[in-house]
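The structure appears below as structure tokens.
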Amino acid sequence: MMIFEAILLTIITAATPLLLAAIGEVVVERSGVLNLGVEGMMIMGAASGFAVAILTGSSLLGVMAGLFAGMAMSLLFAALVLGLAANQVASGLALTIFGLGLSGLVGFPFVGAKREAMAHLYLPYLSDLPFFGRVIFGQDPLVYIAFALVVAVALIISRTRAGLILRAVGENHHSAHALGHNVRQVRLLAILFGGACAGLAGAYLSLVYTPFWTPGMTAGRGWIALAIVVFASWRAGRAVIGAYIFGGVSILQLHAQGFGLGVPAQALAALPYLTTIIVLFALSRLPRGSSRAPACLGQPFLPAR
Amino acid sequence: MRLTLERRTQAGIWASLASPTLAVVLTLVFGALLFSLIGIPPLAALTVYFLSPLADLWALEELTVKAAPLILIALGLAPCYLSNNWNIGAEGQLVMGAVAGSAVAIATHGQGHGSYIVWLMLAAGVLGGAAYGLIPAVLKARFGVSEILTSLMLVYVADLLLDYLVRGPWRDPKGFNFPTSVSFGFEARLPGLSETGRLHPGFFLMLLAVALLAFMLARTLKGFEIRLVGEAPRAARFGGFDDKRLTLFVFALSGALAGLAGIIEVAGPIGNLQPTISPGYGFTAIIVAFLGRLNPFGILIAGFFLALTFIGGENAQIALRLPLDVTRVFQGLLLFFVLACDTLILYRLRVTREGAPA
Numbered sequence: 037m038m039i040f041e042a043i044l045l046t047i048i049t050a051a052t053p054l055l056l057a058a059i060g061e062v063v064v065e066r067s068g069v070l071n072l073g074v075e076g077m078m079i080m081g082a083a084s085g086f087a088v089a090i091l092t093g094s095s096l097l098g099v100m101a102g103l104f105a106g107m108a109m110s111l112l113f114a115a116l117v118l119g120l121a122a123n124q125v126a127s128g129l130a131l132t133i134f135g136l137g138l139s140g141l142v143g144f145p146f147v148g149a150k151r152e153a154m155a156h157l158y159l160p161y162l163s164d165l166p167f168f169g170r171v172i173f174g175q176d177p178l179v180y181i182a183f184a185l186v187v188a189v190a191l192i193i194s195r196t197r198a199g200l201i202l203r204a205v206g207e208n209h210h211s212a213h214a215l216g217h218n219v220r221q222v223r224l225l226a227i228l229f230g231g232a233c234a235g236l237a238g239a240y241l242s243l244v245y246t247p248f249w250t251p252g253m254t255a256g257r258g259w260i261a262l263a264i265v266v267f268a269s270w271r272a273g274r275a276v277i278g279a280y281i282f283g284g285v286s287i288l289q290l291h292a293q294g295f296g297l298g299v300p301a302q303a304l305a306a307l308p309y310l311t312t313i314i315v316l317f318a319l320s321r322l323p324r325g326s327s328r329a330p331a332c333l334g335q336p337f338l339p340a341r
Numbered sequence: 177m178r179l180t181l182e183r184r185t186q187a188g189i190w191a192s193l194a195s196p197t198l199a200v201v202l203t204l205v206f207g208a209l210l211f212s213l214i215g216i217p218p219l220a221a222l223t224v225y226f227l228s229p230l231a232d233l234w235a236l237e238e239l240t241v242k243a244a245p246l247i248l249i250a251l252g253l254a255p256c257y258l259s260n261n262w263n264i265g266a267e268g269q270l271v272m273g274a275v276a277g278s279a280v281a282i283a284t285h286g287q288g289h290g291s292y293i294v295w296l297m298l299a300a301g302v303l304g305g306a307a308y309g310l311i312p313a314v315l316k317a318r319f320g321v322s323e324i325l326t327s328l329m330l331v332y333v334a335d336l337l338l339d340y341l342v343r344g345p346w347r348d349p350k351g352f353n354f355p356t357s358v359s360f361g362f363e364a365r366l367p368g369l370s371e372t373g374r375l376h377p378g379f380f381l382m383l384l385a386v387a388l389l390a391f392m393l394a395r396t397l398k399g400f401e402i403r404l405v406g407e408a409p410r411a412a413r414f415g416g417f418d419d420k421r422l423t424l425f426v427f428a429l430s431g432a433l434a435g436l437a438g439i440i441e442v443a444g445p446i447g448n449l450q451p452t453i454s455p456g457y458g459f460t461a462i463i464v465a466f467l468g469r470l471n472p473f474g475i476l477i478a479g480f481f482l483a484l485t486f487i488g489g490e491n492a493q494i495a496l497r498l499p500l501d502v503t504r505v506f507q508g509l510l511l512f513f514v515l516a517c518d519t520l521i522l523y524r525l526r527v528t529r530e531g532a533p534a
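Chains as they are written, first to last, in our numbering: chain A, 37 to 341; chain B, 177 to 534.
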């Protein structure tokens, strides 16, 4: 029971950054924009979050710094793809390369610095409940924020006027424009939200998950978050399942390495990446229908007047 | 008053030359700003970055060593990107080319073979890279899986496989437990062509590839098909071109060139298999491809420019004790500016008054 609980707890910490980044990207892609720079925004969030947390001694300020770093990065992306109608795939790649480099500079003075992981929630009695106490009532605040975001995004997209406009812009930007919606403004807000989420995810990695800073510490998680969006068929609720599958795989392979199964450690370490490919492949075998990408995904928009 | 973008009816030749140049200038200006922000004299830093690699013959040779893989890979990426196939996993294809070619070297090590071995290695490298490139291509063409994600994921897998091989079955038994393969024998090395031995035949293979790709893209039906599928996929389908087979073709081609770059690195400058055999050539080549405007001759120039940043970055690490990440920042900035400036080729920036009929 104890080890099972421990594994479950680590899976939650592994899945939360993936979930945060994926939920942001769901909104971005629903607006018709493909931001492949998640990895770059995430690692900037990790570096800036950790740097500010060390300098100020405050986890909260660190988290905020990570969030704003992600947003600042996404603003660069927005300037390119919205302002200059640049190619979205290439711009996203540029954002990732730039972010990996800049995060190395930002984090350079903090390599080797250590601090306590962010405090977990503790509710008297509830958190002490056997088994489910810690899993449900004893997480760090960002775990709850991630789930709150999932619910909020799912409701906003499916139930509100704002969500309807977001979907309209993503499905057919010309029609949305003709109806008087400001396509680029909607997309700007979506991109900024995605940046904030990716930044949060990065801050989670360096302030809770590890908690320290190493260059390149996101290790492809931004890309896995992008795969989760596809897996989730662009729906917020399903992103939870995706994030927990991938979080689970990455934790289980760590435990498997610990047990020494006679399988090379590298083969186990490759599992999250191979799982991504296999899951995307399996998904393509399912009948299409509800799992269609937004129709305008990746297309630049210029009003035809 | 507002700024709007208006599509140009025809892209001028001057614009397609001016845009990459402007991007480079902007990168240098922003780089200087960045240096002064972190308290380093900007002119001195830029000199180290962009001029020190041109200072002497040794440095120039080193430039060819770094430029060759970048240009080879970017040449393969150009047909991919022209036809809307987003192969971003060239780094993995490079590694698999190196692994496949090294398998030949390691299997024949110490058996007294002739120098035909190195040719076999190059062929194996080409095949290995092409086969690895075909995985995302088949997944895309046959099953509609996003090639962007699969090709990138396969980079991590290839890196881990290489790591396993050099720490496990291919580790040199006499190598004091270092995670490297045996040092390749004479028959498995590309000969040095200069006194320092840095310049190697890979450079000339690269020049040959530039000429071949330029011919293919500009003068053959395949080149036409690549551009047509990219610019007007519907028209291409009506024209009887099979875009799925084209996906397989361009991925195999770019995998082959990346694999060639990988085995050239291992059989040339490095000399054996190590856990890391590339400082990210496969990713930097993406920037080379765009800076060269997906044109083989443009890529040739762009490859040399980005090779500068690698050497400049190493020099700056020694001279200014700057982390190597500065190189990545430069490269990222450069790609931003290239993309931004390309907009000015395709569109005209126009100032319009609010409310006035346009």
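Using N, Cα and C, we set each Cβ at its ideal position, and we do this for glycine too.
### Query
So what does B:R524 bridge to, in DSSP terms?
B:E182
#### Entry: Contact with chain B by A:W249, beta-carbon distance below 8 angstroms
no
### Message
Beta carbons nearer than 7 angstroms to chain B: which residues of the stretch 253 to 272 of chain A have them?
### Response
G256, W259, L262, A263 and V266
### Query
Would DSSP call A:N208 helix, strand or coil?
coil
### Task
Measuring only between beta-carbons, confirm whether A:Q302 sits less than 8 angstroms from chain B.
yes
### B:A385, buried or exposed, once every other Cβ within 10 Å from all chains shown has been counted against 16
buried
### Task
Report yes or no: do three or more beta-carbon pairs, one from the stretch 236 to 254 of chain B and one from the stretch 265 to 272 of chain B, lie closer than 8 angstroms?
yes
### Query
Residues in its own chain within less than 7 angstroms of B:A532 by CB, not counting five upstream and five downstream?
For B:A532, the predicted structure reports a pLDDT of 46, less than 50, and the residue's modelled location is therefore unreliable. A value from the coordinates is still provided. No residues qualify anywhere along the chain.
### Contact list for A:N123 against chain B, beta-carbon separation under 7 angstroms
L515
### Task
Specify the secondary structure class of B:T203 as computed by DSSP and reduced to three states.
helix
### Message
Would A:L111 pass as an interface residue toward chain B - the criterion being a Cβ-Cβ separation below 8 angstroms?
### Response
no
### Task
Please report how far the alpha carbon of A:A306 lies from the alpha carbon of A:H156, in whole angstroms.
31 angstroms
### Message
For A:V244 and B:I439, what's the separation of their Cα atoms in angstroms?
### Response
41 angstroms
### Task
Closer than 7 angstroms by beta-carbon distance: list the chain B residues that pair up with A:A130, in chain order.
G508, L511, F512 and L515
### Query
Looking at the C-beta of A:I59, does it have a partner C-beta in chain B at a distance below 8 angstroms?
no
### Query
Using the rule of at least 16 other Cβ atoms within 10 Å of the residue's Cβ for burial, across every protein chain shown, is B:W262 buried or exposed?
buried
### Task
Please confirm if the stretch 269 to 282 of chain B is in contact with the stretch 397 to 412 of chain B, defined as three or more CB-CB distances below 8 angstroms between the two stretches.
no
#### Entry: Nearest neighbour of A:V147, chosen from A:L44, A:W249, A:Q335 and A:L165 [CA to CA]
A:W249
### Message
Need the endpoints of the alpha helix (DSSP H) that B:A331 sits in, please.
### Response
It is Val, not Ala, that sits at residue 331 of chain B in the sequence shown. Looking at the DSSP string, the run of the alpha helix (DSSP H) that includes B:V331 is E323 to R343.
### Task
For B:G488, I'd like the list of residues in its chain whose CB is within less than 7 angstroms of its CB, leaving aside the five on either flank, ordered along the chain.
V224, Y225, F226, S228 and P229
#### Entry: Cα-Cα separation between A:A226 and A:I193, rounded to whole angstroms
12 angstroms
#### Entry: Separation of B:L298 from A:A82, as counted between CA atoms
41 angstroms
### Task
Please decide whether A:L136 counts as near chain B, where near means a Cβ-Cβ distance under 8 angstroms.
yes
### Contacting positions in the stretch 321 to 340 of chain B - beta carbon closer than 8 angstroms to chain A
V321, S322, I324, L325, T326, L328, M329, L330, Y332, V333, L336, L337, D339 and Y340
### Query
For A:A350, which residues from the same chain have a beta carbon less than 8 angstroms from its beta carbon, with the 5 sequence-adjacent residues on both sides left out?
Outside the shown range of chain A, which is 37 to 341, sits residue 350 of chain A, and nothing can be said about it.
### Query
Where does A:T92 sit, in a helix, a strand or coil, going by DSSP?
helix
### Query
Where does the unbroken alpha helix (DSSP H) through A:R223 begin, and where does it stop?
V219 to Y240
### Task
Sort A:L224, A:G102 and A:A115 by Cα distance to A:G68 and report the nearest one.
A:L224
### Query
Quick one: what's got a C-beta closer than 7 angstroms to B:A306's C-beta in the same chain, skipping five residues either side?
A428, G431, A432 and G435
### Cβ shell of B:G304 (< 6 angstroms), same chain only, five flanking positions each side left out
M272, G273, A276 and G435
### C-beta contact flag for B:V502 and B:L467 at 8 angstroms
no
### Query
Which residues of chain B have a Cβ atom closer than 8 angstroms to the Cβ of A:I79, listed in chain order?
Correct list: empty, because the minimum Cβ distance to chain B is about 11 angstroms.
### Query
Where do the N-terminal and C-terminal ends of the alpha helix (DSSP H) with B:R403 fall, by residue?
L397 to E407
### Query
Thinking just about the alpha-carbon of each residue, which of A:L103, A:E65 and A:L215 is nearest to the one in A:Q124?
A:E65
### Query
Using the C-alpha atoms, what's the distance from B:L509 back to B:L204?
9 angstroms
### Task
Run the CB neighbour count on A:R220, radius 10 Å, all protein chains shown included, and call it buried at 16 or more, exposed below.
buried
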